[in-house]
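What follows is one structure encoded as structure tokens, with my remarks underneath.
Number of protein chains: 2
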Amino acid sequence: MKLYDLELSGNCYKVRLFAALAHIDLELVAVDFLAGEHKQAPLSDLNPWMELPILVDGERILRDSQAILVYLAGQYGGAAWWPQEASLQAEIVQWLSTAANEIQNGPCAARLVDKFGYTLDKATALARSSRILGLLENHLQRHDWLALSRPTIADCAVYPYVVLAPEGAVDISPYPHIGLWIERIKALPGYLAMPGS
Amino acid sequence: MKLYDLELSGNCYKVRLFAALAHIDLELVAVDFLAGEHKQAPLSDLNPWMELPILVDGERILRDSQAILVYLAGQYGGAAWWPQEASLQAEIVQWLSTAANEIQNGPCAARLVDKFGYTLDKATALARSSRILGLLENHLQRHDWLALSRPTIADCAVYPYVVLAPEGAVDISPYPHIGLWIERIKALPGYLAMPGS
Chain X
1054 MKLYDLELSG
1064 NCYKVRLFAA
1074 LAHIDLELVA
1084 VDFLAGEHKQ
1094 APLSDLNPWM
1104 ELPILVDGER
1114 ILRDSQAILV
1124 YLAGQYGGAA
1134 WWPQEASLQA
1144 EIVQWLSTAA
1154 NEIQNGPCAA
1164 RLVDKFGYTL
1174 DKATALARSS
1184 RILGLLENHL
1194 QRHDWLALSR
1204 PTIADCAVYP
1214 YVVLAPEGAV
1224 DISPYPHIGL
1234 WIERIKALPG
1244 YLAMPGS
Chain R
1054 MKLYDLELSG
1064 NCYKVRLFAA
1074 LAHIDLELVA
1084 VDFLAGEHKQ
1094 APLSDLNPWM
1104 ELPILVDGER
1114 ILRDSQAILV
1124 YLAGQYGGAA
1134 WWPQEASLQA
1144 EIVQWLSTAA
1154 NEIQNGPCAA
1164 RLVDKFGYTL
1174 DKATALARSS
1184 RILGLLENHL
1194 QRHDWLALSR
1204 PTIADCAVYP
1214 YVVLAPEGAV
1224 DISPYPHIGL
1234 WIERIKALPG
1244 YLAMPGS
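Keeping their order, the protein sequence lines are chains X and R.
Just so we're aligned: the first sequence equals residues 1054 to 1250 in my numbering.
Just so we're aligned: the second sequence equals residues 1054 to 1250 in my numbering.
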């Protein structure tokens, strides 16, 4: 099973982190992102969206880090991370949407501007970061984990760009319950770091 | 089962549309959005994100239209719309992420500016609309439905803000395969329209 991967991408890190926590073997294929390898065949055929990560497992090809987490957890990771019950899956999907939208367009976008020179609106990214970090802080004041009462793929989807937020000049020190949640994730057996985390 | 609803919201329409297609009874509770009812108790307690829709089914409270689709389909709608197999769920989640991010920040954002006077960056929303509509067009050139070979909650999540795109001055007429997909959805038994669709 191959993961087309970029070490500095938080979206790729979501998958690497979960695979490490769930003891799933991935063959990492480093993509030369700066040279635009993801915008050329064969990668642009695997993912016409020209984004990373991409997972290839036999005949199955998946884009989108959230979808890859669902696949790996459901197929290989066991019910602890992605249960069978629709009501529990829905609790998790709330946070997969958060990762895809509020986190991606908040702390992730701020980091893209500061660290990689993307021409995105930094003020909007900062405002969105404040909103989502405030909502996260309030939620984590009453819950140890984002969904259910244990770590799930919800935590793996949201965590990377929160812990990397300072690389976009987003200060997470005013959010003590986010800090405690980060420590709980770092203490999980099998935890895998990335540069900046 | 109550859906806190706004008739003109495409996110609420995702849920109303799916419930109609899957013959699921919902009690619609109209929310006075202009008066800010969603920002006050009791609604802000049900959803601290202060957004619609909100689903309340007994003790269960869900925000986020994608999560609500997963819940309704998995709990009440049957496996046709949201299968049990993780590999098929992952195919669908790719499009739930698309609905949460590219569609929300593309054609939905453009419509929020034009129809409701939101102070969002219209040029960015139009650029994002072009990109996602081009990707959708290419996908639908080779597929009748977004995920799997039948309609699923993926189509219900992406359809509303695509068919409403002209309300944000996003022209969908240059995308013939999107047009054919829209016609296929409108022909589904039980299809429910909304103003603007």
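Glycine residues also receive a C-beta, built at the ideal position from the N, C-alpha and C atoms.
Short of 6 angstroms from the beta carbon of residue 1247/R, and not among the five residues preceding or following it, lie these beta carbons of its own chain, in chain order: 1066. Pairing residue 1222/X with residue 1164/X, the inter-Cα distance amounts to about 7 angstroms. Rounded to whole angstroms, the gap between the alpha carbons of residue 1162/R and residue 1148/R is 18 angstroms.
Looking only at 1118/R, 1069/R, 1177/R and 1105/R, the smallest Cα-Cα distance to residue 1150/X is reached by 1118/R. Against chain R, the CB of residue 1101/X has a partner CB under 8 angstroms away; the residue lies at that interface.
For residue 1092/R, same chain residues with a beta-carbon under 6 angstroms away, outside a window of 5 residues either side, are 1103 in chain order. Looking at the DSSP output, residue 1107/X bridges to 1057/X and 1116/X. Counting along the chain, residue 1193/R sits inside the alpha helix (DSSP H) bounded by residues 1175-1195.
Of all residues in the segment 1186-1199 of chain X, the ones placed with a Cβ closer than 7 angstroms to any Cβ belonging to chain R are 1188 and 1191, in chain order.
Looking only at 1142/R, 1189/R, 1210/R and 1115/R, the smallest Cα-Cα distance to residue 1140/X is reached by 1115/R.
Each residue's CA atom was taken as its position, placing residue 1233/R and residue 1234/X some 47 angstroms apart. When the beta-carbon positions are compared, residue 1100/X and residue 1153/R stay at least 8 angstroms from each other.
Of all residues in the segment 1103-1116 of chain X, only 1113, 1115 and 1116 place a beta-carbon less than 8 angstroms from a beta-carbon of chain R. Counting only the Cα atoms, residue 1186/R lies some 10 angstroms from residue 1230/R. Excluding its 5 nearest sequence neighbours in each direction, residue 1220/X has C-beta neighbours in its own chain below 7 angstroms: 1164, 1167, 1168 and 1249, listed in chain order. Per the DSSP secondary-structure output, residue 1083/R pairs in a beta bridge with 1058/R.
At a cut-off of 8 angstroms between beta carbons, residue 1093/X makes no contact with chain R. Counting along the chain, the unbroken alpha helix (DSSP H) around residue 1148/X starts and ends at 1139-1151. With a 10 Å radius around the Cβ and a threshold of 16 neighbouring Cβ atoms, residue 1227/X comes out exposed.
Contact annotation: residue 1084/R and residue 1110/R have beta-carbon atoms that are not nearer than 8 angstroms.
Residue 1204/R holds the alpha-carbon nearest to the alpha-carbon of residue 1243/R among 1090/R, 1204/R and 1218/R. Per DSSP, the unbroken alpha helix (DSSP H) holding residue 1237/R starts and ends at 1229-1239. 8 angstroms or more divides the Cβ of residue 1068/X from the Cβ of residue 1095/X.
By the criterion of a C-beta distance shorter than 6 angstroms, residue 1218/X is surrounded in its chain by 1160 and 1225, once the five residues flanking it on both sides are discounted.
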